[in-house]
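Report on the structure given below.
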Amino acid sequence: WLLGKDILVHPVVEAGAQSVRVYFPGGENELWFDIEHEKTYRGIGYTAVPVTIDYTPVFYRGGSIIIRKDIPRPSSTLTNQDPYSVYVFLDGNNEAVGNFYCDDKHSFNYRSKKYIYYQFTYSNNYLSGRKIDQDADFDCLSRIGTVHVYNLSSGIAMNNVN
1 WLLGKDILVH PVVEAGAQSV RVYFPGGENE LWFDIEHEKT YRGIGYTAVP
51 VTIDYTPVFY RGGSIIIRKD IPRPSSTLTN QDPYSVYVFL DGNNEAVGNF
101 YCDDKHSFNY RSKKYIYYQF TYSNNYLSGR KIDQDADFDC LSRIGTVHVY
151 NLSSGIAMNN VN
């Protein structure tokens, strides 16, 4: 299943399965990153991917930036002040782009431009962000805690920036 255009999830639906056939779209130059097993796959069609009962395969498209919260909590409300983790998955040109949206998560204040909407870009070893909606204004309680950068040229490398 493709979630948006940059996250690919393949459920394991057979008991005792040791592998699943995952379809990686995009062609030879398209990269898909499995960060749990530190592997990359090319978008060349079906590939057998090893699985266990505890592992649901999740892959991230090269050239994307995914922003998420990584601290497990019993409810999403409890994550409001948790830091964001930024995951940068570089394409073959060592570049990536992704969008970030944040609002209060419970009201209709977004109708009054009470949100933030940014585009993040990674290029030339530099991560930058710019507002997409200049009129929007909101103080997102969370800040960026960690940045992880994954690339193909040096295998999968992770750089943490706190």
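With full-length UniProt numbering applied, the sequence shown covers 1 to 162.
Built from N, CA and C at the ideal position, the CB exists for glycine as well.
Return the CA-CA distance between residue i and residue j, expressed in angstroms with no decimal places.
i           : j      : result
Leu3        : Ala17  : 23 Å
Ser58       : Pro11  : According to the sequence displayed, residue 58 carries Val and not Ser. Those two C-alpha atoms are separated by around 9 Å.
Asp135      : Asp34  : 37 Å
Lys69       : Pro83  : 7 Å
His148      : Ile65  : 10 Å
Gly45       : Lys114 : 42 Å
Trp1        : Asn29  : 20 Å
Arg111      : Cys102 : 13 Å
Lys5        : Ala96  : 13 Å
Thr77       : Ser107 : 13 Å
Gln119      : Arg130 : 5 Å
Glu14       : Asp104 : 40 Å
residue 163 : Thr146 : The shown model of the chain, from 1 to 162, leaves out residue 163, and the question about it has no answer.
Could you give the first and the last residue of the continuous beta strand (DSSP E) run that contains residue i?
i           : result
Ala17       : Run containing Ala17: none; DSSP gives neither H nor E here.
Ile116      : 116-123
residue 163 : Outside the displayed range of the chain (1 to 162) lies residue 163, so it cannot be described from this structure.
Lys39       : 39-50
Ile66       : 64-68
Ser128      : 126-131
Asn109      : Counting along the chain, Asn109 falls outside any beta strand (DSSP E), and DSSP gives it neither H nor E.
Phe138      : No beta strand (DSSP E) holds Phe138; DSSP gives it neither H nor E.
Val12       : No beta strand (DSSP E) holds Val12; DSSP gives it neither H nor E.
Tyr55       : Note, Tyr55: premise wrong, no beta strand (DSSP E); not H, not E.
Gly98       : 96-102
Ser85       : 84-89
Throw me the rounded Cβ distance for the residue i and residue j pair, which I believe falls under 8 Å.
i     : j     : result
Gly92 : Leu31 : 7 Å
Thr40 : Phe24 : About 10 Å separates the two Cβ atoms, so there is no contact after all.
Gly26 : Gly43 : 3 Å
Glu36 : Tyr55 : 7 Å
Skipping 5 residues on each side, what residues in its chain have a beta carbon closer than 6 Å to that of residue i?
i      : result
Ile71  : Asp82
Ser128 : Thr121
How about residue i and residue j: are their beta carbons less than 7 Å apart?
i      : j      : result
Asp133 : Tyr117 : yes
Val86  : Ile144 : yes
Phe100 : Ile53  : no
Asn80  : Leu141 : yes
Among residues of its own chain, excluding the 5 on either side of residue i, which ones have a beta-carbon nearer than 7 Å to its beta-carbon?
i     : result
Val20 : His10, Val12, Val49, Val51, Pro57
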